[in-house]
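So for the sequence shown, this note's numbering puts the first residue at 56; every next one is plus one. By construction, the Cβ of each residue, glycine as well, lies at the ideal position given by its N, Cα and C atoms.
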Amino acid sequence: MEGLEISVMNLSNVLINNLDFRADSEYFRKKYLRFDEFLIERKSDKISSYAKVSDGDHSKFPDNQINEIRYLQAKDIKSHFIEDNNPVFISKEYFEKNKRSHIKEENIILSIMGSVGDIAITPKGFKPTLANRAVAIIKDIKGINPYYLFTYLSTNFGQLQIDRQKNGGVQERINLDVLSKVKIPFVEINFQNRIAEIVKLSHIKRKQSQITYSQAEVILLKEIRLDATTNPVIVQNSDRFENVNVKSFKDSFGTTGRLDAEYYQKKYEVVIDKIKSYKNGFSVLNTFMNNYSTGFPFKSETYCEQGIPLIRINNISKGSLNLLHATNIPFTDIKLSEKDIAIENDILISMSGTIGNSCRVPKGIKAVVNQRIMRFTPKDFDSEVLSLIINSAIGFKQLERIGTGGVQTNISATDIKEIFIPKFDKNIQTKIAQLIEKSFLLKKQSEHLLEVAKRAVEIAIEENEEVANEYINQQL
Numbered sequence: 056m057e058g059l060e061i062s063v064m065n066l067s068n069v070l071i072n073n074l075d076f077r078a079d080s081e082y083f084r085k086k087y088l089r090f091d092e093f094l095i096e097r098k099s100d101k102i103s104s105y106a107k108v109s110d111g112d113h114s115k116f117p118d119n120q121i122n123e124i125r126y127l128q129a130k131d132i133k134s135h136f137i138e139d140n141n142p143v144f145i146s147k148e149y150f151e152k153n154k155r156s157h158i159k160e161e162n163i164i165l166s167i168m169g170s171v172g173d174i175a176i177t178p179k180g181f182k183p184t185l186a187n188r189a190v191a192i193i194k195d196i197k198g199i200n201p202y203y204l205f206t207y208l209s210t211n212f213g214q215l216q217i218d219r220q221k222n223g224g225v226q227e228r229i230n231l232d233v234l235s236k237v238k239i240p241f242v243e244i245n246f247q248n249r250i251a252e253i254v255k256l257s258h259i260k261r262k263q264s265q266i267t268y269s270q271a272e273v274i275l276l277k278e279i280r281l282d283a284t285t286n287p288v289i290v291q292n293s294d295r296f297e298n299v300n301v302k303s304f305k306d307s308f309g310t311t312g313r314l315d316a317e318y319y320q321k322k323y324e325v326v327i328d329k330i331k332s333y334k335n336g337f338s339v340l341n342t343f344m345n346n347y348s349t350g351f352p353f354k355s356e357t358y359c360e361q362g363i364p365l366i367r368i369n370n371i372s373k374g375s376l377n378l379l380h381a382t383n384i385p386f387t388d389i390k391l392s393e394k395d396i397a398i399e400n401d402i403l404i405s406m407s408g409t410i411g412n413s414c415r416v417p418k419g420i421k422a423v424v425n426q427r428i429m430r431f432t433p434k435d436f437d438s439e440v441l442s443l444i445i446n447s448a449i450g451f452k453q454l455e456r457i458g459t460g461g462v463q464t465n466i467s468a469t470d471i472k473e474i475f476i477p478k479f480d481k482n483i484q485t486k487i488a489q490l491i492e493k494s495f496l497l498k499k500q501s502e503h504l505l506e507v508a509k510r511a512v513e514i515a516i517e518e519n520e521e522v523a524n525e526y527i528n529q530q531l
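Take a look at the structure:
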C-alpha cells in the first residue's frame with residue numbers, strides 16, 4: 056500500500072461545486088482537497104461574479120477568407136502572451152456575424168481544449184479579434200482588476216483549479232460553466248492595482264522586444280535590398296504579385312522536377328534574385344553547418360515528470376525556444392540517439408506542419424530533439440543572425456516554396472541544407488546580433504515581471520499583502 060493515495064469523503068462533500076458529478080479518483084486527489092479547505096478559510100468568489108465567460112466561433116472555418124481580421128486559435132496563446140507566428144485571418148463580414156466571440160482590449164483569453172489553461176490578457180489598444188471554439192473569453196470584467204484576475208488564474212492556485220476541472224478523453228477540455236465557477240480569493244484593491252502595473256510593464260517590455268527584433272530583421276533585409284516598402288514579398292499575406300508566371304519546360308520541370316504552379320510564383324523568385332545578386336555573394340546553408348541531425352521518434356509511453364526536456368515542434372517559434380511546459384523523457388533514453396542532443400548555440404528548424412520556424416538554443420539548455428526537427432551546430436556565422444535569416448523572408452520564402460504541393464507540409468533535411476544564405480560580413484553580423492541580444496534581454500525582463508506578479512499574488516493569498524509588497528520591492 057506504500058505510495059498509494061487514498062481520500063475518504065462524505066457524499067455531501069463530494070457534491071460541493073461538483074457540477075459534472077465527477078467521481079473519479081483524479082478529481083479527489085489530496086492536493087485538490089487541501090486547496091478546497093484553504094479556499095473555505097479565505098474570502099473568495101466565483102469568476103462569474105465578476106465577469107461574463109463565453110467561447111469562440113463554433114462554425115466550420117470558411118474557405119477563401121479575405122485577410123482582414125485576426126482569427127485567434129488556442130495554439131496562439133503561449134507563455135501568457137498571444138504569439139504572432141503563422142496567424143490566421145478572416146473577413147470583416149465574417150467577423151461581424153460572430154459578435155459573441157469577439158476579443159477586445161483587457162479581455163482574458165484561455166485555452167479550453169487541448170493544452171487547457173494556457174492564458175493571456177489583451178492589453179489596452181488591442182485590435183478586436185475573433186476567437187475560435189477552443190478559446191474561452193472572460194470579458195465585461197467589473198469589481199476586480201482584470202490584470203489581477205489574469206495573474207491569479209496564471210498562478211499555481213488558479214492553474215490547480217483549472218487542472219482539476221479538466222475532462223479527460225482523447226482531447227482534454229473544460230466547459231464554460233465549470234470555468235465560471237473557479238474561485239478567486241479576495242485581496243485589497245490597492246494591491247490588485249499594483250499587480251496590474253507590473254503586468255502592464257511586462258507587456259511594454261514584450262512590445263519593445265518585438266520592435267527591436269523587427270529592427271534587426273529590417274537591417275538584414277535592407278542589406279540585400281529586400282525592403283518592405285518596395286518588395287511586398289516580405290509583407291505577410293500580400294497579394295500585390297501577379298499569380299501568373301510563364302516558364303519553359305527547360306526552366307521549370309527540366310531544372311527543378313516540379314510541376315505545381317505554386318512553386319513558380321514570382322514572390323519566390325524575387326527573394327532568390329536578391330540573394331544571388333548580393334554584393335558579398337552567397338552560399339548554401341550546408342556551408343555554415345558543422346554537423347546536423349533530424350530528431351528521433353522517442354516513445355510517448357516513456358514521457359515522465361523528471362528527466363531531460365524533449366524538444367517538439369510546438370516548443371519552437373520564430374526566434375525562441377519555449378520549454379516551460381516541455382515533456383521530459385528519462386535520462387537513460389539519451390543513449391537512443393546521442394546525436395540528437397541539443398546544446399547552447401545549436402540551431403533548430405521545424406520540418407513538418409509549420410515548417411521553417413527556427414531558433415537558437417539558449418545558454419544553459421541541454422535537451423533532446425524529437426523527430427521532424429533539424430538540429431545543427433553553426434560554423435563561421437553568428438548563430439543568432441543565422442537563425443534570424445532562416446526566420447526572415449530570406450529563409451522562410453525558400454522553405455515555403457519547397458514545402459508547397461502536399462496535404463501536410465513537410466520538408467527534407469536535404470532541401471533545408473540547400474537554401475541560399477547571403478554572406479554577411481562580420482560588421483553587419485555584429486550589428487544585427489546586438490539588436491537580437493537586446494531583444495532577448497527585454498523579453499527576459501518581461502517574463503521576469505510576470506513571474507514576480509504571479510509569486511506576489513501567491514504570497515498575498517498565502518500570507519498577506521504586506522509581505523507580498525515587500526517581495527515586490529526586493530525583486531524590482
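Check                                                                                                : Outcome
Cβ neighbour criterion (16 or more within 10 Å) applied to E272                                      : buried
Closest by C-alpha distance to N122, when choosing among Y149, F136, R97                             : Y149
Bridge partners - R228, DSSP secondary structure assignment                                          : M168, N222
C-alpha distance - N141 paired with V522, whole-angstrom precision                                   : 42 Å
For V424 and Q500, the rounded distance between their alpha carbons                                  : 27 Å
Euclidean distance between Cα positions of L314 and K322                                             : Any reading at L314 needs caution, since the residue's pLDDT is 45, under 50, leaving its predicted position unreliable; the model's value is listed next. Whole-angstrom Cα-Cα distance: 17 Å.
Close beta carbons around T357, own chain, < 8 Å, minus the five adjacent residues each side         : I384, P385, D388
Alpha carbon of E96 to alpha carbon of N519, nearest angstrom                                        : 14 Å
Nearest residue (CA-CA) to A483, options L496, L276, S413, K394                                      : A small correction: the amino acid at residue 483 is Ile; Ala does not occupy that position in the sequence shown. Answer by Cα proximity: L276.
Start-to-end residues for the beta strand (DSSP E) that takes in I428                                : 428-433
Interface flag, I102 vs chain B, CB-CB below 9 Å                                                     : Within the model displayed, chain B is absent; a lone protein chain is all it includes.
Whether Q265 touches D139 by CB criterion (9 Å)                                                      : yes
G172 beta carbon near the ligand NAP (any heavy atom closer than 8 Å)                                : Inclusion of the ligand NAP in the displayed structure is not the case, the ligand content being empty and no account of it being possible.
Contact set for S80: own chain, Cβ-Cβ below 7 Å, skip 5 residues either direction                    : Low per-residue confidence applies at S80: pLDDT is 45, beneath 50, and the placement is therefore not dependable, though the value from the model is reported in the following sentence. Cβ within range, chain order: n/a, list empty.
Neighbourhood of R77 by C-beta, 7 Å cutoff - its chain only, sequence neighbours within 5 removed    : The predicted model places R77 with a pLDDT of 47, which falls under 50 and marks its position as unreliable, so this point remains unresolved.
Cβ neighbours of I137 in the same chain (closer than 8 Å, five flanking residues each side left out) : L127, D131, I164, A175, T177
Beta carbon of G450 nearer than 9 Å to that of G408                                                  : no
Range of the contiguous beta strand (DSSP E) that encloses V143                                      : 143-145
Local conformation of F495 per DSSP, three classes                                                   : helix
Exposure label - L443; buried when at least 16 CB within 10 Å                                        : buried
DSSP-derived helix/strand/coil call for Y105                                                         : coil
Per DSSP, the bridge partner or partners of P240                                                     : S99
Meets three-Cβ-pair contact criterion under 8 Å: the segment 342-355 and the segment 412-431         : yes
Buried/exposed call for K194, threshold 16 Cβ in 10 Å                                                : buried
Three-way DSSP call (helix, strand, coil) for V416 in this model                                     : coil
Y333 - DSSP class collapsed to helix/strand/coil                                                     : coil
Strand pairing of T184, partner residues [DSSP]                                                      : I158
Selection from V171, N200, D100, S146 that minimises the alpha carbon distance to D118               : S146
Where K509 falls: helix, strand or coil (DSSP)                                                       : helix
Three-state secondary structure assigned by DSSP to P385                                             : coil
Inter-residue Cα distance where the pair is Y202 and K107                                            : 15 Å
Cutoff 8 Å; reference N369; Cβ partners in own chain excluding five residues on either side          : K130
Straight-line Cα distance separating R249 from A515                                                  : 12 Å
Residues that P364 bridges to, as DSSP identifies them                                               : N383
From K152, K221, G213, N222, residue whose alpha carbon lies closest to that of F23                  : For residue 23 there is no data in the structure shown, the boundaries of the chain being 56 and 531.
Helix, strand or coil at L403 [DSSP, three-state]                                                    : strand
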